[in-house]
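Trainee:
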Amino acid sequence: MDKRLTEEQVVAELRDGMTLGIGGWGSRRKPMSLVRAIVRSPLRDLTIVSYGGPDVGLLCATGKVRKVVYGFVSLDSIPLEPHFRIARQEGAVEAWELDEGMLQWGLYAAAIRLPFLPTRAGLGSDVMRIHPELELVKSPYPDGEMLVAMPALRLDAALIHMNRADSSGNGQFLGPDPFFDDLFCMAAERRFMSCERIVSTEDLLAEGTVHTLKINRMMVDGVVEAPGGAHFTECPPDYGRDEAFQKDYAATAGDPEAWSAFRSRYLDLGSEREYQEAVRGG
Amino acid sequence: MSDFTRAEVCAVAIAELFRGDGELLASPIGNLPMLGARLAKLTFEPGLLLSDGVAFLLASVPPLGAARGAKPIIEGWLPYRTVFDVVWSGRRHVVMGATQIDRFGNQNIACIGPFEKPRAQLLGMRGAPGNTVNHPTSYWIPNHGKRVFVEAVDLVCGVGYDRAAALGETASRFHEIRRVVSNLGVFDFGTPDHSMRLVSLHPGVSVEDVIELTGFELRVPDPVPETRAPSAEELRILREVLDPDGIAAREVSA
Numbered sequence: 010m011d012k013r014l015t016e017e018q019v020v021a022e023l024r025d026g027m028t029l030g031i032g033g034w035g036s037r038r039k040p041m042s043l044v045r046a047i048v049r050s051p052l053r054d055l056t057i058v059s060y061g062g063p064d065v066g067l068l069c070a071t072g073k074v075r076k077v078v079y080g081f082v083s084l085d086s087i088p089l090e091p092h093f094r095i096a097r098q099e100g101a102v103e104a105w106e107l108d109e110g111m112l113q114w115g116l117y118a119a120a121i122r123l124p125f126l127p128t129r130a131g132l133g134s135d136v137m138r139i140h141p142e143l144e145l146v147k148s149p150y151p152d153g154e155m156l157v158a159m160p161a162l163r164l165d166a167a168l169i170h171m172n173r174a175d176s177s178g179n180g181q182f183l184g185p186d187p188f189f190d191d192l193f194c195m196a197a198e199r200r201f202m203s204c205e206r207i208v209s210t211e212d213l214l215a216e217g218t219v220h221t222l223k224i225n226r227m228m229v230d231g232v233v234e235a236p237g238g239a240h241f242t243e244c245p246p247d248y249g250r251d252e253a254f255q256k257d258y259a260a261t262a263g264d265p266e267a268w269s270a271f272r273s274r275y276l277d278l279g280s281e282r283e284y285q286e287a288v289r290g291g
Numbered sequence: 009m010s011d012f013t014r015a016e017v018c019a020v021a022i023a024e025l026f027r028g029d030g031e032l033l034a035s036p037i038g039n040l041p042m043l044g045a046r047l048a049k050l051t052f053e054p055g056l057l058l059s060d061g062v063a064f065l066l067a068s069v070p071p072l073g074a075a076r077g078a079k080p081i082i083e084g085w086l087p088y089r090t091v092f093d094v095v096w097s098g099r100r101h102v103v104m105g106a107t108q109i110d111r112f113g114n115q116n117i118a119c120i121g122p123f124e125k126p127r128a129q130l131l132g133m134r135g136a137p138g139n140t141v142n143h144p145t146s147y148w149i150p151n152h153g154k155r156v157f158v159e160a161v162d163l164v165c166g167v168g169y170d171r172a173a174a175l176g177e178t179a180s181r182f183h184e185i186r187r188v189v190s191n192l193g194v195f196d197f198g199t200p201d202h203s204m205r206l207v208s209l210h211p212g213v214s215v216e217d218v219i220e221l222t223g224f225e226l227r228v229p230d231p232v233p234e235t236r237a238p239s240a241e242e243l244r245i246l247r248e249v250l251d252p253d254g255i256a257a258r259e260v261s262a
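In the order they appear, the protein sequences are chains A and B.
Using our numbering, the letters of the first sequence correspond one by one to residues 10 to 291.
Using our numbering, the letters of the second sequence correspond one by one to residues 9 to 262.
#1: State the start and end residues of the unbroken alpha helix (DSSP H) segment that holds Ile-255/B.
#2: Let me make sure I understand the geometry here. Which of Pro-238/B, Val-260/B and Asn-114/B has the alpha-carbon closest to that of Ala-21/B?
#3: Can you tell me whether Gln-18/A is buried or exposed, with buried defined as 16 or more other CB within 10 angstroms of its CB?
#4: Just to confirm the assignment: which complete alpha helix (DSSP H) runs, minimum length 4, are found wholly within the region 52 to 99 of chain A?
#5: Out of Asp-257/A, Pro-160/A, Ser-209/A and Phe-189/A, which one is the CA nearest neighbour of Gly-32/A?
#6: Would you kindly work out how many angstroms separate the C-alpha atoms of Lys-154/B and Arg-236/B, rounded to a whole number?
#7: List the whole-angstrom C-beta distance separating Val-106/B from Cys-119/B, where the pair is believed to meet the contact cut-off of C-beta under 8 Å.
#8: Distance, Cα to Cα, Ala-19/B vs Leu-43/B?
#9: According to the neighbour-count rule (16 or more other Cβ atoms, all chains shown, within 10 Å of its Cβ), is Val-156/B buried or exposed?
#10: With a threshold of 8 Å on Cβ separation, who are the neighbours of Asp-257/A within its own chain once the five nearest residues in sequence on each side are excluded?
#11: Count the other CB atoms, across all protein chains shown, that sit within 10 Å of the CB of Tyr-150/A; report buried if there are 16 or more and exposed otherwise.
#12: Which residue marks the beginning of the beta strand (DSSP E) containing Tyr-147/B, and which one marks its end?
#13: Residues of the region 81 to 99 of chain A with a CB closer than 8 Å to any CB of chain B: list them in chain order, please.
#14: Note the first and the last residue of the continuous alpha helix (DSSP H) segment covering Cys-18/B.
#15: Enumerate in chain order the residues of its own chain whose CB-to-CB distance from Arg-274/A is below 7 Å, with the five nearest sequence positions on each side excluded.
#16: Write down the C-beta distance between Thr-51/B and Glu-242/B rounded to the nearest angstrom, noting that I regard them as a contact closer than 8 Å.
#17: Between the alpha carbons of Gly-166/B and Thr-140/B, how many angstroms are there, rounded?
#18: For Val-167/B, go through chain A and note every residue whose CB falls closer than 8 Å to its CB, in chain order.
#19: Would you list, in sequence order, the uninterrupted alpha helix (DSSP H) runs of no fewer than 4 residues that lie entirely inside the region 61 to 127 of chain B?
#20: Residues of chain B with CB closer than 9 Å to the CB of Ile-224/A, please, in chain order.
#21: Residues bridged to Ala-104/A by DSSP?
#22: Please go through the same chain and pick out, in chain order, the residues whose beta-carbon is closer than 7 Å to the beta-carbon of Met-27/A, but skip the five residues on each side of it.
#23: Consider the Cβ of Lys-125/B: report whether some Cβ of chain A lies at a distance smaller than 7 Å.
#24: Give the list of continuous beta strand (DSSP E) stretches no shorter than 3 residues that lie fully inside the region 207 to 273 of chain A.
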């Protein structure tokens with residue numbers, strides 16, 4: 010089945026108020042072309058679940074976000090995501106801040122249709138105080154251990170970015186870490202994968218071993234071919250992080266004039282193609 | 009004047025955190041912790057597993073600084089998912105930083121001010137809650153002062169001894185804050201109520217300095233030992249092998 014879509018067609022599947030999971034990690038292999046398409050759309054009031062990077066920062070800075078579920082939001086080479094910091098410090102977004110492992114457990118619980126998964130992570134920390142809705146659960150076995158019952162983080166839609174994919178939705182990572190992209194897809198009702206290049210199914214093993222086929226077509230509803238789609242985050246081995254661009258992006262935080270120039274140059278455009286042209290032209 | 013620097017004393021004190029750990033994953037966060045862990049691996053703790061900070065376990069021990077050294081020898085694959093498994097299995101010793109730490113070792117790296125609308129959003133909880141209740145944790149604090157060593161932290165990310173005790177014996181059985189190393193001295197929690205104790209002062213630091221720069225009442229032994237000086241061999245490894253560019257020293261306030 011041919012599941013190819015454009016970024017605009019993916020965004021047309023999304024609704025105000027949805028909970029969106031975004032794959033990748035920090036400023037690494039983020040589905041930025043889909044994030045940019047959301048920025049160009051009228052979507053709002055989104056809840057974003059993410060091992061956060063500039064996906065979270067951009068969506069906060071453009072007023073798309075009501076709530077963020079995260080363990081951190083970082084640009085890696087710039088430890089703190091400045092646009093996210095401003096959103097938090099202005100109280101502009103609601104925060105559900107968790108231990109990184111709790112976030113994985115919540116996605117995994119949703120993926121395998123459990124209401125929660127038990128974990129020791131969170132016990133004794135202020136995670137429990139700032140989120141009073143988190144409950145403990147007692148082991149029914151003789152140990153009687155009290156554990157955190159990490160609730161399933163069910164997603165309305167998941168957005169991920171892979172190095173290669175075929176048009177039916179089999180996806181391949183060629184970098185060092187698959188992150189949690191398969192869990193994001195499995196936790197979601199609707200699953201959208203962008204990729205650097207669509208290849209034929211028989212060519213999926215041309216560049217990587219079978220172990221790199223982390224995403225299969227059961228997990229995916231739509232595939233977007235987006236060369237440079239992770240820019241300015243890294244997408245090895247296709248390209249590294251655009252550190253100069255990231256630095257410029259970070260410098261626009263708290264500087265309305267610079268932010269407005271950045272927006273009109275890179276975000277308030279007609280399409281992802283225009284963005285890629287603007288980056289090349291820069 | 010001694011023939012070693014404060015940063016070198018700190019590197020050795022951090023290396024000492026790993027003594028006896030054997031084959032577990034050492035996760036040093038920051039340049040000086042990285043230097044200390046690598047020094048431990050090259051000297052008295054060769055069994056330690058070290059990652060490249062991306063997704064590989066390295067059998068070789070590269071110098072600090074990305075551009076330096078030969079191509080590292082990879083001995084394993086450690087994507088983030090596997091790191092979380094290792095955390096929860098307990099075979100890990102992390103050295104984290106702390107924006108704030110209190111007398112029982114509760115640590116904050118997430119935000120300053122009220123969580124709902126912080127004055128400063130910092131790193132976030134990251135892995136601190138899970139780390140501290142699952143495996144040994146130590147802290148490295150390069151800027152010992154009253155804004156870091158506080159009476160009460162704004163948000164408890166890493167769990168301290170009072171919080172762990174309140175969880176009961178079962179839930180707290182894997183909790184261990186081994187030590188805190190700062191630019192002034194070494195500290196542990198080996199007191200009856202597990203409140204922070206001065207273990208040793210770095211050469212050239214006085215007890216008064218430390219007390220003055222600590223925002224809570226510190227247990228102080230009498231006399232106070234001095235932190236072990238680096239050996240000639242350790243100095244050679246630090247200067248010639250692990251940090252020829254002196255990258256780690258930039259992390260330390262004198």
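Where a beta carbon is used, it is the ideal one built from N, C-alpha and C, also for glycine.
Mentor: Considering the structure as presented:
#1: Working through the second sequence from its first residue, we reach residue 255/B at position 247. Careful: Ile-255/B lies outside any alpha helix (DSSP H) and carries neither H nor E.
#2: Taking the first residue of the second sequence as 1, we reach residue 21/B at position 13. Nearest of Pro-238/B, Val-260/B and Asn-114/B to Ala-21/B, Cα basis: Pro-238/B.
#3: Against the first sequence, residue 18/A aligns to sequence position 9. By the 10 Å Cβ count, Gln-18/A comes out exposed.
#4: 63 to 70 and 91 to 98
#5: Here residue 32/A refers to the residue found at position 23 when the first sequence is read from its first residue. Gly-32/A has its Cα closest to that of Phe-189/A, out of Asp-257/A, Pro-160/A, Ser-209/A and Phe-189/A.
#6: Residue mapping note: residue 154/B aligns to position 146 of the second sequence, counting from 1. Residue mapping note: residue 236/B aligns to position 228 of the second sequence, counting from 1. One C-alpha to the other measures close to 25 Å.
#7: On the second sequence, position 98 is the one that residue 106/B refers to. On the second sequence, position 111 is the one that residue 119/B refers to. A small fix is needed here, since residue 106/B is Ala in this sequence, not Val. Rounded, the Cβ-Cβ distance is 13 Å, inconsistent with contact.
#8: Position 11 of the second sequence, counted from the start, is the residue given in the question as residue 19/B. Position 35 of the second sequence, counted from the start, is the residue given in the question as residue 43/B. Going by the C-alpha atoms only, they are around 6 Å apart.
#9: Within the second sequence, residue 156/B is the residue found at index 148, counting from 1. So Val-156/B ends up on the buried side.
#10: Within the first sequence, residue 257/A is the residue found at index 248, counting from 1. Correct list, in chain order: Phe-271.
#11: Mapped onto the first sequence, residue 150/A falls at position 141. So Tyr-150/A ends up on the exposed side.
#12: In the second sequence, residue 147/B corresponds to position 139, counting from 1. Element bounds for Tyr-147/B: 144 to 149.
#13: Phe-81, Val-82, Ser-83, Pro-88, Leu-89, Phe-93, Arg-94, Arg-97, Gln-98 and Glu-99
#14: In the second sequence, the residue the question calls residue 18/B occupies position 10. Run containing Cys-18/B: 14 to 25, per the alpha helix (DSSP H) assignment.
#15: The residue labelled residue 274/A in the question sits at position 265 within the first sequence. The residues are Ala-287.
#16: Your numbering for residue 51/B matches position 43 in the second sequence. Your numbering for residue 242/B matches position 234 in the second sequence. Right, the Cβ-Cβ distance comes to about 7 Å (below 8 Å), so this counts as a contact.
#17: Stepping through the second sequence from its first residue, residue 166/B is reached at position 158. Stepping through the second sequence from its first residue, residue 140/B is reached at position 132. The alpha-carbon atoms of Gly-166/B and Thr-140/B are separated by roughly 6 Å.
#18: Position 159 of the second sequence, counted from the first residue, corresponds to residue 167/B. What Val-167/B touches in chain A: Leu-132, Gly-133 and Ser-134.
#19: Counting whole runs of 4 or more residues, the region 61 to 127 of chain B contains the alpha helix (DSSP H) stretches 88 to 97.
#20: If you number the first sequence from 1, residue 224/A lands on position 215. The premise fails here: Ile-224/A is roughly 14 Å from chain B at the closest Cβ pair, so nothing lies under 9 Å.
#21: What you label residue 104/A is simply residue 95 of the first sequence in a count that begins at 1. According to DSSP, Ala-104/A bridges with Val-77/A.
#22: Here residue 27/A is taken as the residue at index 18 of the first sequence, counted from 1. By the criterion of a C-beta distance shorter than 7 Å, Met-27/A is surrounded in its chain by Leu-55, Asp-165 and Ala-166, once the five residues flanking it on both sides are discounted.
#23: Residue mapping note: residue 125/B aligns to position 117 of the second sequence, counting from 1. So yes, Lys-125/B belongs to the interface.
#24: 231 to 234
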